[in-house]
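Undergrad: Have a look at this one.
There are 2 protein chains.
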Amino acid sequence: MLKVNNFVRSDEFILLFNTIMLTLSDKALALPASPIRKLVPYAQQAKSRGIKVYHLNIGQPDIESPKEALEAVKNNTLELVAYPNSGGIESYRSGLAKYYQNIGIDVVEDEINITTGGSEALQIALTVTCNPDDEVIVMEPFYTNYNAFALLSDVKFVPITTSIDNGFAIPSVEEFERLITPKTKGIIICNPCNPTGVLYTKDEIEKLGDIARKHNLFIYSDEVYREFCYTDEPHYSCMHIKGLEQNVILIDSVSKRYSLCGVRVGAIVSKNKEVMSAVMRYAQARLCSPAYGQIAAEGALSAPASYFKGVRDEYIKRRDYLVEALQKMPGVLCPTPMGAFYAAVRLPIDDSEKFAQWLLEEFSYEGKTVMVAPMGGFYATPGLGKDEVRIAYVLKIEDLKEALKCLEEALKVYPGRKN
Amino acid sequence: MLKVNNFVRSDEFILLFNTIMLTLSDKALALPASPIRKLVPYAQQAKSRGIKVYHLNIGQPDIESPKEALEAVKNNTLELVAYPNSGGIESYRSGLAKYYQNIGIDVVEDEINITTGGSEALQIALTVTCNPDDEVIVMEPFYTNYNAFALLSDVKFVPITTSIDNGFAIPSVEEFERLITPKTKGIIICNPCNPTGVLYTKDEIEKLGDIARKHNLFIYSDEVYREFCYTDEPHYSCMHIKGLEQNVILIDSVSKRYSLCGVRVGAIVSKNKEVMSAVMRYAQARLCSPAYGQIAAEGALSAPASYFKGVRDEYIKRRDYLVEALQKMPGVLCPTPMGAFYAAVRLPIDDSEKFAQWLLEEFSYEGKTVMVAPMGGFYATPGLGKDEVRIAYVLKIEDLKEALKCLEEALKVYPGRKN
Chain A
1 MLKVNNFVRS DEFILLFNTI MLTLSDKALA LPASPIRKLV PYAQQAKSRG
51 IKVYHLNIGQ PDIESPKEAL EAVKNNTLEL VAYPNSGGIE SYRSGLAKYY
101 QNIGIDVVED EINITTGGSE ALQIALTVTC NPDDEVIVME PFYTNYNAFA
151 LLSDVKFVPI TTSIDNGFAI PSVEEFERLI TPKTKGIIIC NPCNPTGVLY
201 TKDEIEKLGD IARKHNLFIY SDEVYREFCY TDEPHYSCMH IKGLEQNVIL
251 IDSVSKRYSL CGVRVGAIVS KNKEVMSAVM RYAQARLCSP AYGQIAAEGA
301 LSAPASYFKG VRDEYIKRRD YLVEALQKMP GVLCPTPMGA FYAAVRLPID
351 DSEKFAQWLL EEFSYEGKTV MVAPMGGFYA TPGLGKDEVR IAYVLKIEDL
401 KEALKCLEEA LKVYPGRKN
Chain S
1 MLKVNNFVRS DEFILLFNTI MLTLSDKALA LPASPIRKLV PYAQQAKSRG
51 IKVYHLNIGQ PDIESPKEAL EAVKNNTLEL VAYPNSGGIE SYRSGLAKYY
101 QNIGIDVVED EINITTGGSE ALQIALTVTC NPDDEVIVME PFYTNYNAFA
151 LLSDVKFVPI TTSIDNGFAI PSVEEFERLI TPKTKGIIIC NPCNPTGVLY
201 TKDEIEKLGD IARKHNLFIY SDEVYREFCY TDEPHYSCMH IKGLEQNVIL
251 IDSVSKRYSL CGVRVGAIVS KNKEVMSAVM RYAQARLCSP AYGQIAAEGA
301 LSAPASYFKG VRDEYIKRRD YLVEALQKMP GVLCPTPMGA FYAAVRLPID
351 DSEKFAQWLL EEFSYEGKTV MVAPMGGFYA TPGLGKDEVR IAYVLKIEDL
401 KEALKCLEEA LKVYPGRKN
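Residue numbers (our numbering), protein chains in the order written: chain A, 1 to 419; chain S, 1 to 419.
Structural data, given as structure tokens:
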């Protein structure tokens, strides 16, 4: 930083600073390019060379949105698209409250604020609870965009590492407590987890709740993959923990639940009145969430149970195919994901960034290649995840099959192969 | 702030802090309730007593959106609503580039990033250019939500006061320069201006440009009311200033332009590549702007010139009626607004906050009353605007007439009347 003497004359001051004023902020310079999206130019180049690229790199499902959502938008009768309430369209909020009540989450309209996607929900939650340099504990690997929300909200993420070797098992209470300082404001949990596909059990969630209760921490519970659970147990939400009502802030979204990524509708849900009051004041500042998206989301609430059953069956089929195919490949480790639609995979390679780029730049098999997300960007600790990739099983079986064939062949010839 | 001794044992530390940890952030506590929206509960109570409330308090036009926008959404054929590009839907971006080119703003797709409303556009622009405590000069009165964006972006607003007595004329260059410090990062201008209705001339904009050029400042140019100009001169944008291409960041929105407030689609436009690169990285972190909203906005681009002409004629009629009616009321001052759809009005009253609340709580005329926005919240300097209200002439003439009759009668009997 440029230090200046207080006694310098003020016009010299200005002259001095003029040369540096039209610069970006430190935050702008620190904002990372999305590690998932930064390979996109290489994919475009591959496509322009006529190569078919299978996208396993991004959580953009190919599943259709419920007809009820699409029809609600097509049949809307708005003649002017006015501002909805800052907290959300009333009928959607009350429909959403019923959705939560049906899954045992006891909330009413005022405990729900409709946001512009889950992204805005987490950013608002961090902003209204954390002061600059407050700390939030987050299990790594975690959804890479969390990094940007932390940066934008001035929050310091304190990572607690989980490992592919034990299926990304949740660390012990002692390991969490070792990281708690006077600056710790809360813990983020993503359940089911992007990028690991781990589904935390009731017991694990309750233990996390005990830590939050004991140390008076918020739990930011990202449950946007709630409907994608592949065990026989129902999803256990942090909102289900008895006596923790003031601590839990639920981050939700319709993006994945109903294959409505583009509508940008999420929600912050909490029984903490002070939190919700601050959330509402934040919400008023940016006026409202998108009207058409809320109409789609409200329509989606009428999707029949068969919609979710069909989607779940399809993902289980894809997951089973994926895991079986990967486990057959020598040197590949893939714990079976029990939720969401991601698999974290260890490959016998030197560097997953290099590998992902090489797949697009130099490799093809029968005119096809595959795009994967290198996991380095999903860890806060530098150097971790270098031999891991995230695979989103968002393509139908035929495409998945082709994509995995490409991966298999690629691993045979990749120059940076290990073992 | 609680000061602690570094040598206290760490578990005592934790015990000490436990009691204060589940608190909100300083920002959350400082976030103002919207001064426009905080009277809403009183309006609801009035309505529940059977009183008809005319809303002149909020910039929610009753004008229909262009059919082209509404039809585009109704006829969309999406089967799943995927993420659009973080920078915006390509066809919309290129259509929008043409819109700008048609009004003499020479930009291409890459110089446009589609945002979630003008609100997000300004917040992103401030975040990527300003460090904590950097200063931005803003003419007061200004759009009250700017305060929240400044708070959320850690920017310090430095107000330069304009006065209703000279029609909110732009201050002299010297007055601006007196406020420039080494911390000054830019100037915000809203043209046409919410809340004053002032339309700045080419000459005034060029002078502002000279200041920015000389002192190397950004200009954040909020032009969301561009199509609402009531002189014969075309709107002169900061983007038109020659040689200032690196300094100007245009904040735009379709909310007012096409009566599409609820779609949440805006834009950041700049020829400064570094700014746009940072904007894109910010945009990627929150993934994208709403798909349906962008479809509506793209449809609106095909609205015929007659749409704007009809809208403009309607607003001129309303404005003329409003100004004439107000000027007939004793003790009322209302400079004729030349743009947007707001009038800043001085009333012969003690306190516009009290007056606005009294209108809803205690007053009615033939079963009707009127809601206005007290101007205090539009000034950064405490105490200013106490006898001013903002009136949005967003209602059709018949309603406007009734509303102004209420105001006239109210001023006769308001206990805090002056003169």
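Glycine included, C-beta positions come from ideal geometry on N, C-alpha and C.
What residues of chain S sit near Glu109 of chain A, judged by a beta carbon separation below 8 Å?
TA: Going along chain S, no residue has its Cβ under 8 Å from Glu109 of chain A, so there is no contact; the nearest lies around 15 Å.
Undergrad: Which residue wins for smallest C-alpha separation from Thr116 of chain S, given the options S:Gly243, S:Val263, S:Leu359, S:Tyr321?
TA: Comparing Cα positions, the closest option is S:Val263.
Undergrad: Counting contacts by CB-CB distance shorter than 8 Å, is Ala148 of chain S in contact with chain A?
TA: Yes, its Cβ sits closer than 8 Å to a Cβ of chain A.
Undergrad: Mapping DSSP to helix, strand and coil, what is Cys261 of chain S?
TA: Cys261 of chain S: helix per DSSP, three-state reduction.
Undergrad: Taking the alpha helix (DSSP H) that Gly377 of chain S belongs to, which residues open and close that run?
TA: Here Gly377 of chain S belongs to no alpha helix (DSSP H), and DSSP marks it neither H nor E.
Undergrad: Under a CB-based cut-off of 8 Å, is Asn18 of chain A close to chain S?
TA: Confidence is the limiting factor: at Asn18 of chain A the pLDDT is only 45, short of 50, which leaves the residue's position unreliable, though a coordinate-based value still follows. Cβ-Cβ to chain S under 8 Å: yes for Asn18 of chain A.
Undergrad: Counting only Cβ-Cβ distances shorter than 9 Å, please list the residues of the region 361-389 of chain S near chain A, keeping chain order.
TA: Flagged: no residues at all.
Undergrad: Roughly how many angstroms separate the alpha carbons of Glu245 of chain A and Leu22 of chain S, rounded to a whole number?
TA: Their Cα atoms are separated by approximately 12 Å.
Undergrad: Can you pull out the residues from the region 244-263 of chain S whose beta carbon lies closer than 7 Å to at least one beta carbon of chain A?
TA: Going along the region 244-263 of chain S in chain order, one finds Gln246, Asn247, Ser259, Leu260, Cys261, Gly262, Val263 with a Cβ nearer than 7 Å to chain A.
Undergrad: Could you give the residue range of the alpha helix (DSSP H) that holds Asn147 of chain S?
TA: Residues 146-152.
Undergrad: From Asp165 of chain S to Glu223 of chain A, what distance separates their C-alpha atoms?
TA: The straight-line gap from Cα to Cα measures roughly 55 Å.
Undergrad: Considering only residues of the region 121-147 of chain A, which uninterrupted beta strand (DSSP E) runs meet the minimum length of 3 residues and lie entirely inside it, listed in chain order?
TA: Listed in chain order, they are 135-140.
Undergrad: Applying the 10 Å Cβ sphere with the 16-neighbour rule, what's the burial state of Asp203 of chain S?
TA: Answer is exposed; the Cβ neighbour count stays below 16.
Undergrad: So Ser86 of chain S packs on Thr129 of chain A, CB below 8 Å; how close in whole Å?
TA: With a Cβ gap of about 27 Å, Ser86 of chain S and Thr129 of chain A do not count as contacting.
Undergrad: Which residues in chain A have a C-beta closer than 8 Å to the C-beta of Pro290 of chain S? List them in chain order.
TA: In chain order: Thr116, Gly262, Val263, Arg264, Pro290, Tyr292, Gly293.
Undergrad: Can you find a C-beta in chain A that's less than 8 Å from the C-beta of Asn5 of chain S?
TA: Reliability of the predicted coordinates at Asn5 of chain S is poor, the pLDDT of 41 falling under 50, and no value is obtained from them.
Undergrad: Could you tell me whether the region 264-283 of chain S touches the region 50-64 of chain S, using the rule of 3 or more Cβ pairs below 8 Å?
TA: Cβ pair count under 8 Å is below three, so no.
Undergrad: Could you confirm whether any beta carbon from chain S is found closer than 8 Å to the beta carbon of Asn216 of chain A?
TA: So yes, Asn216 of chain A belongs to the interface.
Undergrad: Hey, quick one: how far does the alpha helix (DSSP H) through Met280 of chain S stretch, first residue to last?
TA: Note, Met280 of chain S: alpha helix (DSSP H), 273-285.
Undergrad: Check distances from the C-beta atoms of the region 74-91 of chain S to those of chain A and list, in chain order, the residues that come in under 8 Å.
TA: Answer set for the region 74-91 of chain S: Lys74, Asn75, Asn76, Leu78, Glu79, Leu80, Val81, Ala82, Tyr83, Pro84, Ser86.
Undergrad: Under 8 Å, Cβ to Cβ, is there at least one residue of chain A near Lys27 of chain S?
TA: Closer than 8 Å to some Cβ of chain A, the Cβ of Lys27 of chain S qualifies, so yes.
Undergrad: With distances taken Cα to Cα, identify the nearest neighbour of Pro304 of chain S among S:Tyr54, S:Tyr99, S:Glu79.
TA: Per the Cα distances, S:Tyr99.
Undergrad: Within the continuous beta strand (DSSP E) that includes Asp252 of chain A, where are the two ends?
TA: Run containing Asp252 of chain A: 248-253, per the beta strand (DSSP E) assignment.
Undergrad: Any beta carbon of chain S sitting closer than 8 Å to that of Val394 of chain A?
TA: Chain S contact via Cβ: absent.
Undergrad: Can you list the residues of chain A that Thr127 of chain S reaches, using a CB-CB cut of under 8 Å?
TA: Here the neighbours are Ser25, Lys27, Ala28, Leu152.
Undergrad: Identify the contact partners of Ile63 of chain S in chain A, using a Cβ-Cβ distance below 9 Å as the criterion.
TA: Neighbours of Ile63 of chain S on chain A, chain order: Leu80.
Undergrad: Using a Cβ cut-off of 9 Å, pull out every chain A residue sitting near Ala296 of chain S, in sequence order please.
TA: What Ala296 of chain S touches in chain A: Val81, Tyr292.
Undergrad: Go to Ser221 of chain A, then tell me how far its beta strand (DSSP E) extends in each direction, as first and last residue.
TA: Taken as a continuous stretch (DSSP letters only), the beta strand (DSSP E) holding Ser221 of chain A covers 218-222.
Undergrad: Would you mind sorting Leu29 of chain A into buried or exposed? The rule is 16 or more other CB atoms within 10 Å of its CB.
TA: Looking at its Cβ environment, which holds fewer than 16 other Cβ atoms inside 10 Å, Leu29 of chain A is exposed.
Undergrad: Could you please give the first and the last residue of the uninterrupted beta strand (DSSP E) stretch that includes Arg390 of chain S?
TA: Unbroken beta strand (DSSP E) run through Arg390 of chain S: 388-392.
Undergrad: Can you say whether Pro84 of chain A is buried or exposed, counting buried as having 16 or more other CB atoms within 10 angstroms of its CB?
TA: With 16 or more other Cβ atoms within 10 Å, it is buried.
Undergrad: Starting from Met412 of chain A, trace the alpha helix (DSSP H) in both directions and tell me its first and last residue.
TA: One point to set straight first is that residue 412 of chain A is Lys, not Met, in the sequence displayed. Here the alpha helix (DSSP H) through Lys412 of chain A covers 397-413.
Undergrad: Which chain S residues sit within Cβ distance under 8 Å of Arg37 of chain A?
TA: Per Cβ cutoff of 8 Å: Ser86, Gln284.
Undergrad: I want to see whether chain A comes within less than 8 Å of Asn131 of chain S, judged by CB atoms only; does it?
TA: Cβ-Cβ to chain A under 8 Å: yes for Asn131 of chain S.
Undergrad: Only counting the same chain, and skipping five residues up and downstream in sequence, which positions put a Cβ closer than 7 Å to that of Ala148 of chain S?
TA: Leu31, Pro32.
Undergrad: Roughly how many angstroms separate the alpha carbons of Ile103 of chain S and Asp110 of chain S, rounded to a whole number?
TA: Spanning the two alpha carbons is a distance of roughly 18 Å.
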